[in-house]
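Undergrad:
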Amino acid sequence: MISLRSSRLRALFSELNERVAQAVCDGVKVSTIAQAAGVPVTAVRGIGLGRDGLYPSGLPAADQLRTIAGIADEVSAVEAARAAVERHRVQVLADARKQRLLDDYQLASASGLKHDEIRKMTRGVNTRPEG
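Residue numbers for the sequence shown follow my numbering, beginning at 82 and rising by one.
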């Protein structure tokens, strides 16, 4: 689940960057783009300068800003979903470790993490009360 969310985030960030660069190329105000994308103005400038070979699209600025805002909202939603999955993973690993269902090496093998990462991630995590 985490890798799927991360993959989706990469695709969304790529699309967001393309749309931001196109809007900059089309002459939309950088501050307006930054507000729609929810990123700093300097990031918009960097994205705009980093893309060569773009030509004006002829799309209205309002349409471009709506698209950028929609992608930015989707990025936020996917980031929140990934964070929730990561929190759940830590909780499951901490529970398994506390109950000694598997040792750190077995947990690492099952989760795709390194055994020392398991220890670091679960150190100090409050486990759910057994019911």
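Heads up, the beta-carbon is just placed ideally off N, CA and C, and yes, glycines get one too.
Would you decide whether R100 is buried or exposed? Buried here means 16 or more other CB atoms lie within 10 Å of its CB.
TA: That one is buried.
Undergrad: How far does the alpha helix (DSSP H) with N98 in it extend, from its first residue to its last?
TA: N98 -> alpha helix (DSSP H) spans 83-106.
Undergrad: Measure the C-alpha to C-alpha separation of E211 and D176 and round it to an integer number of angstroms.
TA: Only weak support exists for where E211 lies, its pLDDT of 49 falling under 50; the value from the coordinates is given anyway. Near 9 Å, if we compare the C-alpha coordinates of D176 and E211.
Undergrad: Helix, strand or coil for V125? Go by DSSP, reduced to three states.
TA: Of the three classes helix, strand and coil, the one that applies to V125 here is helix, per DSSP.
Undergrad: Can you list, in chain order, the residues of its chain with a C-beta nearer than 8 Å to that of A102? Leave out the 5 residues immediately preceding and following it.
TA: Taken in chain order, the residues that qualify are I128, G129, G131, R132, L135.
Undergrad: Assign A143 to one of two classes, buried (16 or more other C-beta atoms within 10 Å of its C-beta) or exposed (fewer than that).
TA: Its Cβ having fewer than 16 others within 10 Å, A143 is exposed.
Undergrad: Using the three-state DSSP reduction, which class does Q180 fall into: helix, strand or coil?
TA: Three-state DSSP puts Q180 in coil, outside helix and strand.
Undergrad: Taking the alpha-carbon positions, what's the R178 to M202 distance?
TA: If you take the alpha carbons of R178 and M202, they lie about 11 Å apart.
Undergrad: Determine the DSSP secondary structure at D133, reduced to helix, strand or coil.
TA: Reduced to three states, the DSSP call for D133 is coil.
Undergrad: Please list, in chain order, all residues of the same chain as I152 whose beta carbon is under 7 Å from its beta carbon, the five residues on each side excluded.
TA: Closer than 7 Å at the Cβ level, and outside the excluded window around I152, lie L93, E96, L97, R100.
Undergrad: Can you grab the Cα-Cα spacing for the pair A189 / R163, in whole Å?
TA: Answer to the nearest angstrom: the Cα atoms are 20 Å apart.
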